[in-house]
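Peer 1: Using the numbering used here, the first residue of the sequence shown is number 5, and each one after it goes up by one.
C-beta: ideal position from N, C-alpha, C; glycine also.
Mind looking over this structure? Questions follow.
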Amino acid sequence: LTVKNPDVVLMVGGNAMAHLYFTPGERSRRWWSNHAPAWDGLLDRLVSRPAIDLVAVNVSADVVQVRHAGRGHAEVRRAHGAGGARWSYVCTNGDPLELGGSLHHLDACTAWEVTAAGRYPDALVQLSLLGASTRSGDVLVSASEGWDLRSRFEPVPHVSTHGALLRDQMLVPLIVDTPIARIPQRTTDIVPSALDLLSITADTAFDGRSFLR
Numbered sequence: 005l006t007v008k009n010p011d012v013v014l015m016v017g018g019n020a021m022a023h024l025y026f027t028p029g030e031r032s033r034r035w036w037s038n039h040a041p042a043w044d045g046l047l048d049r050l051v052s053r054p055a056i057d058l059v060a061v062n063v064s065a066d067v068v069q070v071r072h073a074g075r076g077h078a079e080v081r082r083a084h085g086a087g088g089a090r091w092s093y094v095c096t097n098g099d100p101l102e103l104g105g106s107l108h109h110l111d112a113c114t115a116w117e118v119t120a121a122g123r124y125p126d127a128l129v130q131l132s133l134l135g136a137s138t139r140s141g142d143v144l145v146s147a148s149e150g151w152d153l154r155s156r157f158e159p160v161p162h163v164s165t166h167g168a169l170l171r172d173q174m175l176v177p178l179i180v181d182t183p184i185a186r187i188p189q190r191t192t193d194i195v196p197s198a199l200d201l202l203s204i205t206a207d208t209a210f211d212g213r214s215f216l217r
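Right, here's the structure in full:
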């Protein structure tokens, strides 16, 4: 289906997360304050549907608003400094990520630690990086457990879903047969760890850290 000059475009990633792009004909990105007057009501209707667990709204390059129908709204905020990025979780009208309240000035490791055992592991960093990506939609939709956002277009029936922020879709099995210095946190840790294991030095600045030292 082709629509000329659409108001909004929907792109599904995996089959349990979707990106909504508003006024896609414009080449420059506009943050949510520009879209809210026309589209905020749509988000309220979306988040109220059983298929939708979370809606994440890209407020700016460093702020993502998270909405849940029953648990309210909060913001994930990223700050930049000499010591690297820091993340805060500010409960503005509830606790949608179920982190027990607001959290402030967490580095990437601490942000992982405070979320690792919860419903949404590493949600603070993941939402922040998704929101800042130039490829990301203006709004991200994360499906509820067991829901497939593209089932109408799947040639083969699925028995599972992937792409959402839910725990069973975020955790990645990893088998390591060498001693480790810390628990691996993200898949971005794998390459620097493999290079360490092979005693290879790289000039590239990796997003992850070796878990062998």
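Run through DSSP, which three-state label would Glu-117 get?
Peer 2: Helix, per DSSP.
Peer 1: Which same chain residues, not among the five before or five after Ser-214, have their C-beta less than 6 Å away from its C-beta?
Peer 2: If we look at Ser-214 and ignore the five residues flanking it on each side, its Cβ neighbours are Pro-196, Ser-197 and Asp-200.
Peer 1: Please report the Cβ distance between Trp-36 and Val-12, rounded to the nearest whole angstrom; I am assuming they are in contact, meaning their Cβ atoms lie under 8 Å.
Peer 2: Not confirmed; about 13 Å, so no contact.
Peer 1: Helix, strand or coil for Gln-173? Go by DSSP, reduced to three states.
Peer 2: DSSP places Gln-173 in helix when its eight states are reduced to three.
Peer 1: Judging by CA-CA distance, which residue of Val-118, His-72, His-109 and Arg-71 is the nearest neighbour of Gly-85?
Peer 2: Checked all of Val-118, His-72, His-109 and Arg-71; the closest Cα to Gly-85 is His-109.
Peer 1: Would the beta-carbon of Ala-168 fall within 7 Å of that of Ala-147?
Peer 2: Contact: yes.
Peer 1: For Pro-100 versus Val-51, is the C-beta spacing smaller than 7 Å?
Peer 2: Result no, Cβ atoms of Pro-100 and Val-51 do not sit closer than 7 Å.
Peer 1: Would you kindly report the start and end of the unbroken alpha helix (DSSP H) that includes Val-129?
Peer 2: Element bounds for Val-129: 127 to 136.
Peer 1: Determine the contact status of Arg-139 and Asn-19, defining contact as a CB-CB distance below 7 Å.
Peer 2: Against a cut-off of 7 Å, the Cβ pair of Asn-19 and Arg-139 comes out as no contact.
Peer 1: For Ala-112, is the classification buried or exposed, using 16 other Cβ atoms within 10 angstroms of its Cβ as the cut-off for buried?
Peer 2: Under this definition Ala-112 is a buried residue.
Peer 1: Enumerate in chain order the residues of its own chain whose CB-to-CB distance from Ala-185 is below 7 Å, with the five nearest sequence positions on each side excluded.
Peer 2: Once the five neighbours on either side are set aside, the close Cβ partners of Ala-185 are Phe-215, Leu-216 and Arg-217.
Peer 1: Apart from the five residues just before and just after Gly-141, which ones in its own chain have a Cβ nearer than 6 Å to its Cβ?
Peer 2: The residues are His-23, Leu-24 and Tyr-25.
Peer 1: Within 10 Å of its beta-carbon, does Pro-10 have 16 or more other beta-carbons around it, so buried, or fewer, so exposed?
Peer 2: Pro-10 should be labelled exposed.
Peer 1: Starting from Trp-43, trace the alpha helix (DSSP H) both ways and give me its first and last residue.
Peer 2: Residues 36 to 51.
Peer 1: With a Cβ-Cβ cutoff of 7 Å, do Val-59 and Val-145 count as a contact?
Peer 2: In this structure, Val-145 lies closer than 7 Å to Val-59 by Cβ.
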